[in-house]
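What the sequence shown shows, in the UniProt record's numbering, is residues 1 to 174, in sequence order.
Using N, Cα and C, we set each Cβ at its ideal position, and we do this for glycine too.
In this text, all values refer to a predicted model and were calculated from it rather than measured experimentally.
To keep things clear, I will list the structure first and then write my remarks on it.
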Amino acid sequence: MATRGADEKNGPLPGVYRIDPEASKIRFRMRAFFGLFPIKGTFSVAHGRIAVAVTESASTVEAVIPVDSFASGHAQRDRHVRSADYLDSALHPEIRFHAGEVRRADGEVTVHGELTVRGVTRPAVLTLGEVIADGPRLSVRATTVVDRYAFGVTHAKGMTGRRLRIALDVVAVR
Numbered sequence: 001m002a003t004r005g006a007d008e009k010n011g012p013l014p015g016v017y018r019i020d021p022e023a024s025k026i027r028f029r030m031r032a033f034f035g036l037f038p039i040k041g042t043f044s045v046a047h048g049r050i051a052v053a054v055t056e057s058a059s060t061v062e063a064v065i066p067v068d069s070f071a072s073g074h075a076q077r078d079r080h081v082r083s084a085d086y087l088d089s090a091l092h093p094e095i096r097f098h099a100g101e102v103r104r105a106d107g108e109v110t111v112h113g114e115l116t117v118r119g120v121t122r123p124a125v126l127t128l129g130e131v132i133a134d135g136p137r138l139s140v141r142a143t144t145v146v147d148r149y150a151f152g153v154t155h156a157k158g159m160t161g162r163r164l165r166i167a168l169d170v171v172a173v174r
């Protein structure tokens with residue numbers, strides 16, 4: 001993890017940073033049609049917060065992602081993914097992430113928490129990339145891989161990829 005800004009030695013200054021939905025984006029990529037075709041898209045962040053603790057490991061993250069923000073550039077596919085076959089936005093309008101532990105090992109920083117999709121909660125780990133602290137503004141890049149089967153999203157096995165590679169670009173302000 002590369003850290004720049006307010007306290008380069010120890011990372012961002014302690015405090016609560018509110019996620020800026022307009023400046024934050026979640027990108028995903030996966031394979032479809034038996035792995036032959038790449039699919040890329042985005043989700044937005046409705047709201048959330050990053051609480052940077054004095055002790056880095058005690059820092060927390062909360063984020064709410066509207067299912068209806070799913071966008072892949074193909075309107076019919078987007079409607080289908082939001083339907084009961086996949087994410088079921090009518091019954092489960094939000095995806096939630098809550099993390100309560102930050103770990104640093106072998107030059108890598110990971111954020112450990114829980115991801116809730118379609119009412120199913122599973123462990124999730126984000127690997128932090130670049131973290132930039134610029135006064136009251138905190139910019140964070142992170143990645144993870146999500147297994148959709150773990151959340152009961154099993155429609156069209158083989159036709160739709162099992163794992164989504166997620167890249168997060170999050171901006172938060174103190």
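query	result
Cβ-based neighbour list, Met30, same chain, cut-off 6 Å, excluding 5 preceding and 5 following	Ile39, Gly161 and Leu164
Contacting residues, own chain, Cβ-Cβ under 7 Å from Pro66 (five flanking each side not counted)	Ser44, Ala46, Pro93 and Glu94
Residues bridged to Leu126 (per DSSP)	Val111
CB-CB length for Val109 against Ser57, believed under 8 Å	Actually they do not touch by this definition, with Cβ atoms about 10 Å apart.
Counted within 10 angstroms of its Cβ, other Cβ atoms place Pro123 as buried (16 or more) or exposed	exposed
Alpha-carbon spacing of Leu126 relative to Phe151, whole angstroms	17 Å
Boundaries of the beta strand (DSSP E) in which Arg82 is found, first to last residue	From DSSP, Arg82 is part of no beta strand (DSSP E) but of the alpha helix (DSSP H) over Ala75 to Arg82.
Pick from Pro12, Ala32, Arg174 and Val81 that is closest to Met159, judged by C-alpha positions	Ala32
Val64 beta carbon less than 9 Å from that of Leu87	no
Host beta strand (DSSP E) of Lys40 (start-end)	Phe37 to Phe43
Coil, strand or helix - Val67 by DSSP	helix
Cα-Cα separation, Arg104 to Val54	15 Å
Inter-residue spacing [alpha-carbon to alpha-carbon] between Gly11 and Asp20	20 Å
Cut-off 7 Å between Cβ atoms - residues of its own chain near Val81, not counting five sequence neighbours on either side	Phe70 and Leu87
Chain-order list of residues whose beta-carbon lies under 8 Å from that of Asp68 (same chain, five-residue window excluded)	Arg82, Ser89 and Pro93
Bridge partners - Leu87, DSSP secondary structure assignment	None; Leu87 has no bridge partner.
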